[in-house]
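A.B. asks: Just so you know, the sequences run in chain order A and B. Mapping of the first sequence onto the UniProt record's numbering: position 78 corresponds to residue 78, and the numbering continues sequentially without gaps. Mapping of the second sequence onto the UniProt record's numbering: position 110 corresponds to residue 110, and the numbering continues sequentially without gaps.
Number of protein chains: 2
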Amino acid sequence: MSKNQLENLNYLIVTEFAKTLELFDLSSSEARLFAVLYIENRPMKLDEMGEKVGKSKTSVSNGVRSLLDLNLVERVWKKGERKDLYQADEDLYRKFMSNYIHKWLDATNRQKDSLEQIEEQLRKESLQVNNPSLNEYVDDLNDRLIGMIEFHKLIQSTFKDIKHSATSLNKNN
Amino acid sequence: MSKNQLENLNYLIVTEFAKTLELFDLSSSEARLFAVLYIENRPMKLDEMGEKVGKSKTSVSNGVRSLLDLNLVERVWKKGERKDLYQADEDLYRKFMSNYIHKWLDATNRQKDSLEQIEEQLRKESLQVNNPSLNEYVDDLNDRLIGMIEFHKLIQSTFKDIKHSATSLNKNN
DNA sequence: TTTTTCATACAGTTTATTCTGTACAAAGTT
DNA sequence: AACTTTGTACAGAATAAACTGTATGAAAAA
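Shown next as structure tokens:
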């Protein structure tokens with residue numbers, strides 16, 4: 001097997017892996033960048049990454065910062081090295097999955113709160129409605145609100161389950 | 001409470017609900033469109049929806065078709081009505097969650113297969129490598145591949161758990 | 001201190017996505 | 001058959017996202 005063939009395989013792997021990472025709401029560039037960092041398995045410089053993903057240094061700099069913000073990549077210090085070095089977190093599952101679950105739980109919690117607040121407001125003000133057709137409209141609206149809130153609760157309970165399943169999986173490793 | 005105030009609440013609810021729906025990979029327009037259909041709780045015509053979401057008929061037509069493709073909305077027939085009528089599926093949780101879970105399972109399965117295929121290819125061809133430095137590279141690459149495949153397995157096992165949890169939730173309703 | 005090397009802010013460009021208006025074909029009405 | 005009404009294909013406009021090259025300031029090297 002030639003070096004060329006190996007580089008080809010490397011390229012394929014990066015491409016496939018990046019597709020999976022996009023499912024976690026990374027942009028395609030971010031996904032590819034992380035995939036490269038992960039497969040190289042060593043601290044890399046901006047220009048090295050730029051070379052590998054075929055993007056400008058500015059672009060890679062932005063990408064790396066996103067990944068840093070998401071806690072998927074860390075900056076590494078090496079004696080006598082002037083350029084910044086970055087490397088991918090090893091623990092794929094924990095980083096990606098738990099990030100993801102928390103994102104869902106946060107978001108649905110926030111939105112459920114908003115809806116419940118609206119529900120309360122609706123309940124309060126509906127007492128002052130005498131017009132029968134308006135009253136009916138309020139009731140309908142309230143039904144729908146309840147449906148939505150229930151939906152949010154179900155999502156949350158599902159993701160809480162995942163959360164537990166996820167942490168127990170981690171324990172077994 | 002005035003009719004105007006109610007419309008205002010309605011607007012707020014749609015906005016909040018749409019945010020949640022975007023988490024399921026709907027575009028913001030699709031999300032808003034579904035939210036409107038759901039809150040109205042009745043079959044709606046294209047122009048009515050266009051009015052409510054403030055978009056052109058063409059735009060709504062495209063949006064509705066996307067939602068139809070995703071099985072989130074259905075076309076409804078009504079006697080003596082020339083225009084098409086569409087309404088939102090009632091069962092939010094089942095439609096959105098199970099769609100979503102299957103999407104994950106499908107995608108990760110496909111990508112895991114690709115990676116395993118590459119792994120096999122690597123294993124076969126690596127037997128013909130004599131150059132020591134290339135050999136090391138092959139081993140490193142293989143390690144990384146194994147890490148990725150493991151990652152995919154963990155994701156799958158997590159989503160299979162959710163799938164069960166989700167279906168049991170449904171039984172209790 | 002001067003010079004070099006680096007990361008990133010910024011502005012402008014390219015590319016991709018979303019939306020609109022017109023046009024047309026299919027179906028309904030007269 | 002002639003005329004309306006309706007949904008959507010299509011092409012172009014508007015908007016948003018991603019990328020690039022230049023410029024700048026901070027830090028290291030000379």
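All residues carry an ideal CB built from backbone N, CA and C; glycine is no exception. Being a predicted model, the structure only gives us computed values, none of them experimental.
In chain A, which residues lie with their C-beta within 7 Å of the C-beta of B/SER28?
C.D. replies: Going along chain A, no residue has its Cβ under 7 Å from B/SER28, so there is no contact; the nearest lies around 14 Å.
A.B. asks: Are any of the Cβ atoms in chain B nearer than 7 Å to that of A/ARG65?
C.D. replies: By this cut-off, A/ARG65 is not an interface position.
A.B. asks: Would A/HIS152 be called buried (16 or more neighbouring beta carbons within 10 Å of its own) or exposed?
C.D. replies: Per the 10 Å Cβ criterion, buried.
A.B. asks: Any beta-carbon of chain A closer than 7 Å to the one on residue 182 of chain B?
C.D. replies: Look at the range of chain B in this structure, 1 to 173, and you will see that residue 182 of chain B is not part of it.
A.B. asks: Buried or exposed: where does B/ARG86 fall if 16 or more other Cβ atoms within 10 Å of its Cβ makes it buried?
C.D. replies: In the sequence under discussion, the amino acid at residue 86 of chain B is Tyr, which differs from the Arg named in the question. B/TYR86 comes out buried.
A.B. asks: Would you mind stating whether B/LYS55 and B/LEU46 have Cβ atoms separated by less than 7 Å?
C.D. replies: The answer is no: Cβ separation not under 7 Å.
A.B. asks: Quick check: what's the CA-CA separation for A/GLY50 versus B/ARG32?
C.D. replies: Cα to Cα, A/GLY50 sits roughly 38 Å from B/ARG32.
A.B. asks: Pair every Cβ in the stretch 135-142 of chain A with every Cβ in the stretch 71-82 of chain B, then say whether three or more of these pairs are closer than 8 Å.
C.D. replies: Flag = no, the stretch 135-142 of chain A and the stretch 71-82 of chain B do not touch.
A.B. asks: If you compare alpha carbons, which of A/LEU68, A/VAL129, A/ASP113, A/GLU125 is closest to B/PHE17?
C.D. replies: Checking every option, the nearest Cα to that of B/PHE17 belongs to A/ASP113.
A.B. asks: What would DSSP say about A/ASN8, mapped onto helix, strand or coil?
C.D. replies: DSSP places A/ASN8 in helix when its eight states are reduced to three.
A.B. asks: Extract the residue ranges of the alpha helix (DSSP H) inside the stretch 72-140 of chain A, only unbroken runs of 4 or more that lie entirely within it.
C.D. replies: Runs of the alpha helix (DSSP H) inside the stretch 72-140 of chain A: 99-126.
A.B. asks: Can you list, in chain order, the residues of its chain whose CB lies under 7 Å from that of A/GLY63, leaving out five sequence neighbours each side?
C.D. replies: Closer than 7 Å at Cβ, skipping near neighbours: SER29, GLU30, LEU33.
A.B. asks: Say whether chain A places a C-beta atom closer than 7 Å to the C-beta of B/LEU12.
C.D. replies: Interface residue, yes.
A.B. asks: Taking the DSSP output, what are the residues bridged to A/MET44?
C.D. replies: Note: A/MET44 sits in a beta bridge opposite A/TYR86.
A.B. asks: Is it right to say B/TYR38 is buried, meaning 16 or more other beta carbons lie within 10 angstroms of its own, or is it exposed?
C.D. replies: When all chains shown are included, B/TYR38 counts as buried.
A.B. asks: Whose C-beta lies closer than 7 Å to the C-beta of B/GLU116 among residues of the same chain, with five residues either side of it excluded?
C.D. replies: Cβ within range, chain order: ILE149.
A.B. asks: Quick check on the DSSP output: the alpha helix (DSSP H) that includes A/SER27 runs from which residue to which?
C.D. replies: Element bounds for A/SER27: n/a, residue is neither H nor E.
A.B. asks: Would you report the Cα separation of A/GLU120 and A/ASN109, rounded to the nearest angstrom?
C.D. replies: The straight-line gap from Cα to Cα measures roughly 16 Å.
A.B. asks: Please state whether DSSP places A/SER168 in a helix, a strand or coil.
C.D. replies: Here A/SER168 sits in helix by DSSP.
A.B. asks: Taking 7 Å as the threshold (beta carbon to beta carbon), is A/ILE162 in contact with chain B?
C.D. replies: Cβ-Cβ to chain B under 7 Å: yes for A/ILE162.
A.B. asks: Near A/LEU105, which residues of its chain fall below 8 Å by C-beta distance, leaving aside the five closest residues on each side in sequence?
C.D. replies: Result list for A/LEU105: GLN156, PHE159, LYS160, LYS163, in chain order.
A.B. asks: Where does A/ARG144 land, buried or exposed, given buried means 16+ other C-beta within 10 angstroms?
C.D. replies: So A/ARG144 counts as buried.
A.B. asks: Taking the alpha carbon of A/ILE146 as the point to measure from, which residue in B/ILE13, B/ASP89, B/LEU134, B/LEU6 has its own alpha carbon closest?
C.D. replies: Checking every option, the nearest Cα to that of A/ILE146 belongs to B/ILE13.
A.B. asks: I believe B/LYS19 touches B/VAL36 by the beta-carbon criterion, under 8 Å. Please report the beta-carbon distance rounded to the nearest angstrom.
C.D. replies: That pair is no contact at about 14 Å.
A.B. asks: Just to confirm the assignment, what range does the alpha helix (DSSP H) spanning A/SER66 have?
C.D. replies: Unbroken alpha helix (DSSP H) run through A/SER66: 57-69.
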